[in-house]
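Residue numbers (our numbering): 148 to 268. To start, the structure under review is shown below, and the notes come after it.
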Amino acid sequence: MNIRLSTRIVFLIGNRVYKIPIDRRGWLQGKNESKLWKIYKDKGILAPLHWEFCGVVCQERCQPILSLTENGKNMVRKVKQIIPQLDINNCDLYNPQNWGNLKNRLVLLDYGIDEHIAKLY
148 MNIRLSTRIV
158 FLIGNRVYKI
168 PIDRRGWLQG
178 KNESKLWKIY
188 KDKGILAPLH
198 WEFCGVVCQE
208 RCQPILSLTE
218 NGKNMVRKVK
228 QIIPQLDINN
238 CDLYNPQNWG
248 NLKNRLVLLD
258 YGIDEHIAKL
268 Y
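As C-alpha cells, then:
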C-alpha cells in the first residue's frame, strides 16, 4: 500500500486508487472527476473511474510514468482540445505525476480540477 496527500488523501491498494477528500477543494475535485468521466469516458484518455460517492473516488490503478515525452505533450494538447474544462492556466497537465500507463496507453490520472476549483488555490 502507498499513500499520497494533497487536497485528497490517496491510497494505492492493489489495482485500485482511492481518493478521499480532506477539504472542500478535494471534495469538488472528486465530484468533478465523476462528472468528466461520465462525459468523456469513451475517449480513452482518462484513467477509468469505478465509482464516486460523496466526493470519494475509486479509480483503476495505472503504472506511473517518469517523464512526459513528446507523445505525452501531444496528449496534453489533445486532452485540452477534447475536454475544454481542463484547458485552463492552473491545470498542470504537464506534470508526469498526473499521467499513467494503462495497457500501453497514456491516460490522465488526475482530472478533477476545473476553472472554479483552480481559483480556490
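All C-beta atoms in this analysis are idealised placements derived from N, C-alpha and C, irrespective of residue type, glycine included. Since the model is a prediction, treat every value here as computed from it, not as a measurement.
Taking every protein chain shown into account, the CB of L175 has 16 or more other CB atoms within 10 angstroms, so this residue is buried.
According to the DSSP assignment, Q228 belongs to no beta strand (DSSP E) but to the alpha helix (DSSP H) extending over E217 to I229.
Around I229, the same chain offers Y187, K190 and I192 as residues with beta carbons nearer than 8 Å, after the five sequence neighbours per side are excluded. Bounds of the alpha helix (DSSP H) holding R172 are R171 to Y187. Between the C-alpha atoms of R172 and L159 there is a straight-line separation of about 20 Å.
Taking C-beta atoms under 8 Å as the contact rule, V203 and L196 fail to qualify, at a distance of about 11 Å.
In the three-state scheme derived from DSSP, where H, G and I count as helix and E and B as strand, P243 is classed as helix. Residue burial annotation: G161 is exposed, with fewer than 16 other C-beta atoms found within 10 angstroms of its C-beta. For I167, the pairing in a beta bridge is given by DSSP as I156. DSSP places L253 inside the beta strand (DSSP E), whose first and last residues are L253 to L255. An exposed status is given to D170, since fewer than 16 other beta-carbon atoms sit within 10 Å of its beta-carbon.
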